[in-house]
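Protein chains: 2
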Amino acid sequence: MAKNFEISNNIRRLRFFANAMTQQELAEKAGVSRQTIIAVEAGKYSPSLELAFRIADAFGVKIGEVFDYQVKGDS
Amino acid sequence: MAKNFEISNNIRRLRFFANAMTQQELAEKAGVSRQTIIAVEAGKYSPSLELAFRIADAFGVKIGEVFDYQVKGDS
DNA sequence: ACTAAATGTAAAGTTTATTTTACATATTTT
DNA sequence: AAAATATGTAAAATAAACTTTACATTTAGT
Chain A
8 MAKNFEISNN IRRLRFFANA MTQQELAEKA GVSRQTIIAV EAGKYSPSLE
58 LAFRIADAFG VKIGEVFDYQ VKGDS
Chain B
8 MAKNFEISNN IRRLRFFANA MTQQELAEKA GVSRQTIIAV EAGKYSPSLE
58 LAFRIADAFG VKIGEVFDYQ VKGDS
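Chains A and B, in that order, are what the protein sequence lines are. Under the numbering used here, the first residue of the first sequence carries the number 8, and numbering increases by one thereafter. Under the numbering used here, the first residue of the second sequence carries the number 8, and numbering increases by one thereafter.
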């Protein structure tokens with residue numbers, strides 16, 4: 008009954024579309040440390056909703072264009 | 008330069024639209040405790056992106072229909 | 001009015017996100 | 001090839017999300 012999920016992201020892609028924005032620049036725009044960007048971009052953990060919104064905002068896109076949510080199937 | 012944000016949500020509204028879904032039911036569907044739903048619904052803190060997605064999923068809507076992100080202005 | 005179900009508050013404890021620092025490797029520029 | 005910039009890894013410390021338990025209040029049903 009409990010579902011399985013996976014969240015993926017397009018941060019790397021978006022950074023390159025956005026004039027090769029650097030991790031450092033993105034971190035500053037989003038107001039977090041570079042480490043956090045690295046970790047989120049690498050999918051090591053999923054960010055807070057707040058950070059997710061700020062990252063989307065930094066790229067000028069909607070949150071759904073940055074993060075993808077896939078239901079993997081029932082348990 | 009650093010922006011000010013606010014995240015609001017429509018959980019209560021959505022719960023009533025969704026056949027008066029109870030906090031308990033939502034908690035179960037989203038796989039978290041009832042306390043967490045109460046806190047998020049009341050805006051006491053913003054959830055993880057993962058939970059945000061699961062809540063949206065529980066209502067069958069997109070994340071943007073549950074959570075609203077407003078830039079309040081520059082600092 | 002009584003009972004049950006739903007919502008709320010609070011506080012201590014655990015887990016996960018985020019920061020900070022420091023260093024290693026890769027990529028670009030000159 | 002040297003220097004500078006960008007990316008990566010790691011680990012300890014802090015902050016924030018989430019759980020659990022327990023009780024108080026409000027709302028709905030009979």
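Don't be surprised by glycine CBs; every beta carbon is placed ideally from N, CA and C.
Can you name, in chain order, every residue of its own chain whose Cβ lies under 7 Å from the Cβ of residue i, other than the five neighbours on each side?
{"i": "I70(A)", "result": "A59, F60, A63"}
{"i": "R22(A)", "result": "M28, L33"}
{"i": "G38(A)", "result": "R61"}
{"i": "K51(A)", "result": "none"}
{"i": "R19(B)", "result": "E48"}
According to the neighbour-count rule (16 or more other Cβ atoms, all chains shown, within 10 Å of its Cβ), is residue i buried or exposed?
{"i": "A49(B)", "result": "exposed"}
{"i": "E57(A)", "result": "buried"}
{"i": "G45(A)", "result": "Note that residue 45(A) is Ile in the sequence shown, not Gly. The residue is exposed, with fewer than 16 neighbouring Cβ atoms inside 10 Å."}
{"i": "V78(A)", "result": "exposed"}
{"i": "S55(B)", "result": "buried"}
{"i": "K36(A)", "result": "buried"}
{"i": "S82(B)", "result": "Confidence in S82(B) is poor, its pLDDT being 42 and thus under 50, which makes the residue's placement unreliable; the coordinate value appears in the next sentence. Flag for S82(B) reads exposed."}
{"i": "V73(A)", "result": "buried"}
Give me the residue from the options with the minimum Cα distance to residue i.
{"i": "V68(B)", "options": "E13(B), N17(B), K79(B)", "result": "N17(B)"}
{"i": "F12(B)", "options": "V39(B), S53(B), E35(B)", "result": "S53(B)"}
Looking only at its chain, what residues have a beta carbon closer than 6 Å to the beta carbon of residue i, apart from the 5 residues adjacent to it on each side?
{"i": "F66(B)", "result": "L21, A25"}
Going by DSSP, which residues form a beta bridge with residue i?
{"i": "D75(B)", "result": "S15(B)"}
{"i": "S55(A)", "result": "S55(B)"}
Which residues in the same chain as residue i place their Cβ atom closer than 8 Å to its Cβ, once the five residues preceding and following it in sequence are excluded?
{"i": "D75(B)", "result": "I14, S15, N16, N17"}
{"i": "S40(A)", "result": "A34"}
{"i": "Q30(B)", "result": "R22, R41, I44, I45, E48"}
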